[in-house]
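Scroll down for the structure; my scribbles are underneath it.
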Ligand code: BTN
């Protein structure tokens, strides 16, 4: 299986680095050390992934069109990450990528394994809520991470992920996203993405963290059920533009890897500053609802440990570790 994946990966690499020109079957077979009929079989599999390949006798092969269909091949080609997404588990349909990732992590899946689905039939959100995940309309993925950090520090990974999402959406699309604490991504005040972080940890040791990312990409407003219509949106519904999904996933993985490595090497402060530049309602009066109480305060930013910082009417700064904000 691994051999098959890497042969196909090299085949795509060879076909695309000779872009525009043809590469002969003989040359491919020499380079990949497999027979010409094996090359042909791989070509057929690539076509199933949605690649359009032209084969001309005595000239050779070339890729005419790469698909925007999610598969380990399409994601890994041109991904250029060192550890994130080197192993990808792809499902056309599954209840929740979080469950698949939990199972894989229990079975020792390596750090950086990515689980991704075209559709989730029982997607999960924070606080026991459901997460709608329509087929091929968004990014539904879970990252398996094995950070050597304490469980308390691991909660910062959620804020890190939110800044990565905001950065990538800003760069790739015409939208200007904001982050609603702790980790909702909003465009035009409506939610387009959410993050669900789950972990397996002992007292002071994190075994693994699963970061679940859901991004509404190409739904139209008709795709959202009535109760969601007011608050939910997609990148397309807010920008009017269809967004190719594979390049978006690749940018997310690349940017996540870079930001995560910087977090492990130099700490949280760069992420904190960036998070604050995207913070929704920063400097404004908000309502904070925790398990114990509800109060109004001004949103001041986030602390080094990832807590929300609010300024109370008594002029004190308070750290909020969990809850919801509204206005
Ligand atoms: C939220 O905003 O409440 C978090 C939503 C997280 C959704 C993602 S989609 C991929 C992963 N699988 C799930 O079942 N949930 C997360």
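In our numbering, the protein residues as written are 273 to 599.
Ideal Cβ positions, reconstructed from N, Cα and C, are used throughout, including at glycine.
Minimum length 3: unbroken beta strand (DSSP E) runs contained in the segment 329-356:
332-337
Judging by CA-CA distance, which residue of 389, 332, 362 and 415 is the nearest neighbour of residue 382?
415
Decide if the segment 369-384 is in contact with the segment 552-565; the criterion is three or more beta carbon pairs, one per stretch, under 8 Å apart.
no
Check whether the segment 419-431 and the segment 450-464 are in contact - that is, three or more C-beta pairs closer than 8 Å.
yes
Answer with yes or no whether the minimum CB distance from residue 429 to chain B is below 8 Å.
Absent here is chain B; the protein component of the structure consists of one chain.
If you draw a straight line from the C-alpha of residue 568 to the C-alpha of residue 584, how long is it?
7 Å
Given a cut-off of 8 Å, decide if residue 464 and residue 458 are closer than it, judged by their beta-carbon atoms.
yes
Below 8 Å on the Cβ atoms is my contact criterion, and I expect residue 376 with residue 387 to pass it. Report the Cβ-Cβ distance as a whole number of Å.
7 Å
Tell me the start and end of each unbroken beta strand (DSSP E) in the segment 373-457 that is at least 3 residues and wholly inside, in chain order.
386-392, 410-417 and 450-452
Using the DSSP secondary-structure output, state which residues sit across from residue 466 in a beta bridge.
486
Let me confirm a value: residue 361 is counted as buried when at least 16 other C-beta atoms fall within 10 Å, else exposed. Which label applies?
buried
In the structure shown, what three-state DSSP assignment does residue 557 receive?
strand
Tell whether a beta-carbon distance below 8 Å holds between residue 529 and residue 354.
yes
Which parts of the segment 281-314 are runs of the alpha helix (DSSP H), unbroken and 4 residues or longer, counting only runs that do not cross its ends?
297-304
Whether residue 572 touches residue 591 by CB criterion (8 Å):
no
Return the CA-CA distance between residue 547 and residue 450, expressed in angstroms with no decimal places.
9 Å
Under 8 Å between the Cβ atoms of residue 523 and residue 444?
yes
Using 10 angstroms around the beta-carbon of residue 599, count the other beta-carbons present and answer buried if the total reaches 16, otherwise exposed.
exposed
Sorted by chain position, which residues of the same chain lie with C-beta nearer than 6 Å to residue 314's C-beta, five sequence neighbours on each side aside?
280 and 283
Span separating the alpha-carbon of residue 328 from that of residue 316:
15 Å
Tell me whether residue 293 counts as near the ligand BTN, meaning its Cβ is closer than 7 Å to at least one heavy atom of that ligand.
no
Sort out for me which residues DSSP pairs residue 498 with in a bridge.
Its beta-bridge partners do not exist; DSSP assigns none.
Is the beta carbon of residue 300 within less than 7 Å of some heavy atom of the ligand BTN?
no
Return the CA-CA distance between residue 483 and residue 373, expressed in angstroms with no decimal places.
9 Å
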